[in-house]
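J.: Chains as they are written, first to last, in the working numbering: chain A, 26 to 336; chain B, 46 to 315. The C-beta atom is built at its ideal place from N, Cα and C for all residues, glycine as well. Can you keep this structure in mind? I'll have questions shortly.
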Amino acid sequence: MLLLISAINAGLIFAILALGVYISFRVFNFPDITADGSFALGGAATTALLVQGSDPATATAAGFLAGLLAGALTGTLHTRFAIHGLLSGILVMTALYSINLRILGRSNVSLSNAPTLLKSWTARAEAIIGNTDRHNLLGWEVGTQDLASLTFLLLLTGIAVITLLCFLETKVGAAMRSCGDNPQMIRALGVSDKNLLTAGVALANGFAALSGSLLAQYQEFADIQMGIGMVIWGLASVIIGESLVGPCRFGPLLVGAVLGSILFRILIAIALRCGLNPNDLKLITALFVFVALVAPQWTRKRKSTEAARHA
Amino acid sequence: MLEIQHISKTFFPDTSNAVMSLRNVSLSIANASFVNVIGTNGSGKSTLLNAVAGTFVPDSGQILLNGENITTQPEFQRARRIGRVFQNPFYGTAPSMTIAENLALASRRGLSRRLGWCLSRQLRIQIADRLQSLKMGLEDRLDNPIGTLSGGQRQAITLLMATWVKPDLLLLDEHTAALDPASADQVIRLTHEIITRDRLTTVMVTHSMQQAVSLGDRIIMMHQGQIVADLTGAEKTSSRPHDLLNRFDALRRRDQLTPAVRDLLQRQYV
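This is the structure we're talking about:
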């Protein structure tokens with residue numbers, strides 16, 4: 026049970042990353058891989074502030090803001106300096122590696138003696154329900170800390186999804202969606218598609234950094250390597266989400282991305298339990314994303330050749 | 046009032062592929078005037094329109110819209126005052142967004158876009174109302190993605206979007222060229238209705254001599270990056286498609302003559 030809850034917790038944390046990946050890859054159709062760097066940036070910024078005794082909420086917000094800046098930089102490189110989208114992401118991501126090292130001071134910083142959002146939430150929960158070690162959740166015994174983390178992350182991810190959902194329904198949000206769909210059209214309607222893209226990529230990386238900030242607080246340490254492969258993990262969640270909810274508007278797809286992220290974490294937890302070497306995790310993920318990207322093409326091709334045969 | 050003053054544009058300059066698309070073109074269009082631009086392929090008619098729309102900055106000359114110099118203004122900025130319909134029906138609308146959302150985006154042209162809802166109930170009613178005037182039954186399909194519509198329906202909606210907020214200038218770039226004849230007729234009728242109703246200053250590039258003679262109050266004929274004829278008043282109203290075609294034939298004959306004349310001169314003087 027503990028395994029399941031920690032898988033769900035991790036899934037909820039990475040769901041926020043998946044929302045960011047959804048914004049750049051799906052809303053803007055922009056292959057932004059800055060997220061690998063900004064995820065670690067969020068974790069590093071929050072950790073550095075927490076170690077210095079900063080308030081957890083402020084530190085988390087700072088992590089989010091740092092991500093916004095990193096994304097804005099990628100967007101600016103792409104739109105103002107006409108650098109290829111992928112390359113702008115790689116540039117910023119590479120630069121962020123050094124920046125993250127500067128922020129952290131060394132490659133690994135522990136948060137076990139610092140306050141975190143999750144610790145203060147757990148403390149508050151204990152104050153309300155009393156300091157009992159074990160709770161009964163649907164017949165399973167769970168610890169206070171796991172339960173508190175679960176409720177907190179559910180709440181936070183829920184807020185993130187609802188905020189993004191509402192945002193995409195606003196005038197700016199709709200303009201962003203149209204920018205990914207047809208930049209020529211939104212330009213002809215008097216909006217700078219460059220500014221929209223920059224803002225969108227900033228937002229996407231804000232979410233990635235928030236996710237990194239939460240992971241650092243959850244696992245109680247930040248690591249310079251924590252961002253590696255994050256874009257693919259986020260993309261995997263988005264793709265699983267898409268196959269869960271089917272073709273539809275962005276609302277269900279956002280919820281799908283969250284569910285996809287949780288499902289992905291549970292699958293990984295099971296695979297690791299069954300003896301998968303953790304070192305192979307990223308290879309498996311890459312293979313999975315490859316298959317998920319290629320499978321629709323195969324089925325389409327097969328259908329069209331079948332149709333041609335029947336015609 | 047649109048004033049185009051001595052603009053020139055060469056694409057791929059200093060290469061063997063250099064194309065002088067516009068050669069010192071000047072044109073002044075009064076408010077509420079509806080100008081047709083016709084010309085052979087590569088005559089520079091679409092380039093002229095794109096110069097006004099801001100797709101590129103001309104090499105020389107300037108463009109003034111209602112007295113304001115917009116020569117170097119970025120495309121999106123002038124789009125706040127200029128409505129545009131493209132030749133390609135896919136350019137004017139966002140395919141995965143709904144009909145209502147597309148029109149809602151257009152209803153904010155030139156206005157701020159903040160965090161208010163993109164679609165209010167009131168706006169939906171207005172959108173349904175305006176769609177009804179197209180008589181295409183689209184008012185019942187507000188929540189369908191635009192991508193499911195035909196080219197003609199998309200062009201009709203793009204036209205509605207380009208004119209929702211009354212533009213200072215409407216640019217139509219062969220907007221019926223990609224449509225079947227029936228849809229083209231329908232879109233042209235709608236174009237005429239909207240332009241006369243709102244008294245819009247319009248520049249329409251067209252390949253159809255029929256459209257050029259039956260619509261608008263002025264015909265500009267272009268050839269090799271220059272304006273070669275400007276028909277207004279009685280001259281415009283009395284023009285028939287074959288008159289225009291005869292003019293094109295005359296141009297073509299003149300072009301054919303030029304190399305022969307050059308040879309003649311070379312033989313005599315070199």
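(1) Is any beta-carbon of chain A found at less than 9 Å from that of B:Glu219?
(2) CB-CB under 7 Å to A:Ile265, same chain, minus the five flanking residues each way: which ones, in chain order?
(3) Counting only runs that start and end within the segment 175–251 of chain B, where is the beta strand (DSSP E) found for 3 or more residues in a row?
(4) As a quick exercise: from B:Ala274, B:Ser228, B:Val232, B:Ala207, pick the residue whose alpha carbon is nearest that of B:Asp243.
(5) To which residues of the same chain is B:Ser141 closer than 7 Å at the C-beta, ignoring the five residues directly before and after it?
(6) Just tell me which of A:Ile33, A:Ala229, A:Ala199 has its CA closest to the CA of A:Ile58.
(7) Answer with yes or no whether the minimum CB distance from A:Ser217 to chain B is below 9 Å.
(8) Where does the unbroken beta strand (DSSP E) through B:Met266 begin, and where does it stop?
(9) Quick one: residues in its chain with C-beta nearer than 8 Å to the C-beta of A:Leu312, no 5 flanking neighbours on either side, listed in chain order?
(10) Roughly how many whole angstroms lie between the Cα atoms of A:Phe275 and B:Arg299?
(11) Which one of B:Leu176, B:Met267, B:Arg125, B:Asn114 has the shortest CA to CA distance from B:Trp297?
(12) Please confirm if B:Gly171 has its CB atom under 9 Å from at least one CB of chain A.
(13) Is DSSP giving A:Leu108 helix, strand or coil here?
(14) Taking the C-alpha atoms as reference points, what is the distance between A:Leu269 and B:Ser53?
(15) Can you grab the Cα-Cα spacing for the pair A:Ile295 / A:Ser329, in whole Å?
(16) Could you list the residues in the segment 145–166 of chain B with a C-beta less than 7 Å from some C-beta on chain A, going in chain order?
(17) Using CA coordinates, which residue listed in B:Ser105, B:Arg129, B:Leu47 is at the minimum distance from B:Ala201?
(18) For the segment 46–63 of chain B against the segment 104–111 of chain B, do three or more pairs of beta-carbon atoms, one drawn from each stretch, fall closer than 8 Å, so that the two count as touching?
(19) So, with DSSP's three-state summary, where would you put A:Gln250?
(20) Quick test of your reading: A:Leu66 and A:Gly96, contact by CB under 8 Å. State the CB separation rounded to the nearest angstrom.
(21) Would you report the Cα separation of B:Phe101 and A:Pro277, rounded to the nearest angstrom?
(22) If you measure from the beta carbon of A:Ala200 to each beta carbon in chain B, is any gap under 9 Å?
(23) Determine the DSSP secondary structure at B:Gly106, reduced to helix, strand or coil.
(24) Considering only the beta carbon of each residue, do A:Phe246 and A:Val117 sit closer than 9 Å?
(25) Mind listing the chain A neighbours of B:Thr138? Cutoff is C-beta to C-beta under 8 Å, in chain order.
(26) Excluding the 5 residues flanking A:Ser137 on each side, which residues of the same chain have their C-beta closer than 8 Å to its C-beta?
(27) Distance, Cα to Cα, B:Ile272 vs A:Leu221?
(28) Taking 9 Å as the threshold (C-beta atoms), are A:Gly300 and A:Gly68 in contact?
(29) Grab the span of the beta strand (DSSP E) containing A:Met210 for me, first residue to last.
(30) What first and last residue would you give for the beta strand (DSSP E) that runs through B:Ala274?
(31) Could you name the residues of the same chain whose beta carbon sits closer than 6 Å to that of B:Thr92, not counting the 5 residues immediately before and after it, in chain order?
(32) Could you list which residues in chain B have their beta carbon closer than 8 Å to that of A:Leu214, in chain order?
(33) What residues of chain A sit near B:Glu48, judged by a beta carbon separation below 8 Å?
(34) Should A:Asn207 be labelled buried (16 or more other beta-carbon atoms within 10 Å of its own) or exposed?
(35) Can you tell me the Cα-Cα spacing of A:Phe53 and A:Leu260, whole angstroms?
(36) Between which two residues does the beta strand (DSSP E) holding B:Ser53 run?
T.: Result, derived from the coordinates:
(1) no
(2) Gly285, Leu288, Phe289
(3) 214–218, 247–250
(4) B:Ala207
(5) Pro190, Gly192
(6) A:Ala229
(7) yes
(8) 263–268
(9) none
(10) 59 Å
(11) The amino acid at residue 297 of chain B is misidentified as Trp; the sequence shows Arg. Minimum Cα distance to B:Arg297 is reached at B:Met267.
(12) Here residue 171 of chain B turns out to be Gln, not Gly, going by the sequence shown. For B:Gln171, the answer is no, since every Cβ of chain A falls outside 9 Å of its Cβ.
(13) Here residue 108 of chain A is Ile; the residue named in the question, Leu, does not match the sequence. A:Ile108: coil per DSSP, three-state reduction.
(14) 56 Å
(15) 37 Å
(16) Glu146, Ala149, Leu150, Ala151, Arg153, Arg154, Gly155, Arg158, Arg159, Leu160, Gly161, Trp162, Cys163
(17) B:Arg129
(18) yes
(19) coil
(20) Contact doesn't hold; Cβ gap of about 10 Å is too wide.
(21) 40 Å
(22) yes
(23) strand
(24) no
(25) Asn207, Met210
(26) Glu245, Phe246
(27) 38 Å
(28) no
(29) Segment 208–213 is the alpha helix (DSSP H) holding A:Met210; no beta strand (DSSP E) there.
(30) 271–277
(31) Ser66, Leu67
(32) Ala124, Leu150, Ala151, Arg153, Arg154, Met206
(33) Those do not exist, as B:Glu48 stays about 21 Å from chain A at its closest Cβ, beyond 8 Å.
(34) buried
(35) 14 Å
(36) 47–56
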